[in-house]
Amino acid sequence: MKHRGRHRRRRRGAAVRAFLAGTALALTAAATLISASQATVTENPGALKPLTSPAETDQLRLQEHLVPARTLNRLASSMGRPVGVDAVLQSADRTASADCTSEDHASLPVAPAATRAYCWDPADTATTAWRPASVTTSGDADDDGVWGTHRAILTGWTHSTTTGATAERGLARVAFVDADDPDRPVYRWVLLVVPVDGGRDYRGLASGVSGMVWYQDKLLVTTTTGSADALYVYDLDRIQRTTVDTPAIGRVPGGWSADGYEYVMPAVGSYRYLAGRCTASGAPCPASLSLDRGTAPDSLVAGEWTVPGSDRHARLWRYAFSTDPARAGLLATDAAGRVDAVEAYRTRATGIRGVLSYRQAGAKGPSWYVGRLSGSGDGHGGLWRQDAKGAKAAHCGSDASHHCWAASAGSLSYWQETGEVWSVSDRMLFAVPLAVLDGSLG
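Put into structure tokens, the structure is as follows:
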């Protein structure tokens, strides 16, 4: 297992520069594909309003629930020794390509233009049953940007609850992308599962995964499962191999199955809102997650889901990560296992699908980047940078539209070592340098 502060590699400046040196993509065709219905100028979300009263911040409080070690060990004893990220990447069986269709490119941001973009294996995009919504990288996991022997990108996909095979409906899976060769990324699927019956079985995680952060050896994902769940926690060193290829998920005669997936990752814990299920006046509905390394300690940034164009204003907030070596990758809790938000704001933005917090050099506080769906919920959305003074967004098209971001864009992830912001559209995985993104705002 790899821990922060141990077995640290020397900085790979040359490798990082090579990783960044990809030729910028020719994406000018996408600039012409914003329809007239999307050209309406998006309402400016304005300045962030701090939330400081207990009545407001208590709604963001979480309760930690860790899966007992005996449950995880019983599952591992039955399924076989767990594997890590390297084993999954070394068995990659799909390729993400930079040679994509015009339809793929049309889903990318109009402004600023992506400098890296990849479409998925055709086998994964033949239908729209599975859709990507979240992204995190080994740049989140460790500040040298490398995990094990690889640079890696993880993207979370959710299956539709109304289409496709019954066994897959509503499930969540993660693409483990080997990004060592930026000209030919390859990837492998891992199905997210939850141990049941004391580790004697598991079930699929039936939930949308709109936000995801890989921090140290843990993967935190948003969830809408249950009455008050906010996050599920996964251990990147506890990935299990299945042994039987059937449509079933869980223990079957002769071994373990996961609807054809070779790997599953069982949850090791969860966080639930003490305020209960998300409501307009209570606990938020989590939408997006990202990591902020500019705080002390590092923090988990979250954004709330509200319907695009509605009059319900969303909340943005952060939780501190634990600094206890025995709690690697988990949030900081009090003696009762409770987690309090250490910073929170209200924004007039709606339809949030991506959130990022970053403190510019010399700035008094962080800027919050908010990616939003269009008012209709599809097509190109907007990306705004907000702080306590106001908000700015990129302009594109002759009518100065703010609908410049990706189509049905997902979460945001800042890779500190490369200076890139990664995200997903409904068809592609892409990156934009943060400096270019900032230069486009005004």
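Mature numbering (1 follows the signal peptide of the UniProt record, and there is no 0) puts the sequence shown at residues -29 to -1, 1 to 413. Every residue, glycine too, gets a C-beta built ideally from N, C-alpha and C. On a predicted model such as this, the values are computed, not experimentally measured, just so you know.
Can you tell which of the options has its C-alpha closest to the C-alpha of residue i?
i: residue 309; options: 117, 170, 163, 246; result: 246
i: residue 35; options: 107, 351, 242; result: 242
i: residue 157; options: 66, 286, 140; result: 66
i: residue 254; options: 30, 121, 151; result: 30
i: residue 340; options: 257, 59, 284, 324; result: 324
i: residue 332; options: 149, 99, 406; result: 406
i: residue 127; options: 193, 112, 98; result: 193
i: residue 296; options: 195, 403, 222, 188; result: 188
i: residue 73; options: 62, 285, 89, 169; result: 89
i: residue 84; options: 375, 381, 379; result: 375
i: residue 264; options: 404, 390, 210, 122; result: 390
i: residue 386; options: 179, 261, 148; result: 261
i: residue 200; options: 26, 403, 33; result: 33
i: residue 180; options: 121, 169, 98, 256; result: 256
Apply the 10 Å Cβ neighbour rule to residue i and answer buried if 16 or more other Cβ atoms are within range, or exposed otherwise.
i: residue 336; result: exposed
i: residue 372; result: buried
i: residue 240; result: buried
i: residue 204; result: buried
i: residue 78; result: buried
i: residue 14; result: exposed
i: residue 155; result: exposed
i: residue 93; result: exposed
Skipping 5 residues on each side, what residues in its chain have a beta carbon closer than 6 Å to that of residue i?
i: residue 268; result: 291, 292, 294
i: residue 162; result: 144, 229, 232, 235
i: residue 175; result: 142, 164, 220
i: residue 119; result: 56, 57
According to DSSP, simplified to helix, strand and coil, what is residue i?
i: residue -5; result: The predicted model places residue -5 with a pLDDT of 41, which falls under 50 and marks its position as unreliable, so this point remains unresolved.
i: residue 81; result: coil
i: residue 283; result: coil
i: residue 400; result: strand
i: residue 407; result: helix
i: residue 301; result: coil
i: residue 48; result: helix
i: residue 379; result: coil
i: residue 34; result: strand
i: residue 107; result: strand
i: residue 209; result: coil
Quick check: residue i and residue j, are their CB atoms within less than 9 Å of each other?
i: residue 184; j: residue 351; result: no
i: residue 394; j: residue 401; result: yes
i: residue 281; j: residue 182; result: no
i: residue 289; j: residue 75; result: no
i: residue 384; j: residue 106; result: yes
Kindly list the residues whose CB is nearer than 7 Å to the CB of residue i, restricted to its own chain and excluding five residues on each side of it in sequence; keep chain order.
i: residue 396; result: 78, 79, 377, 378, 379, 380
i: residue 102; result: 128, 129, 397
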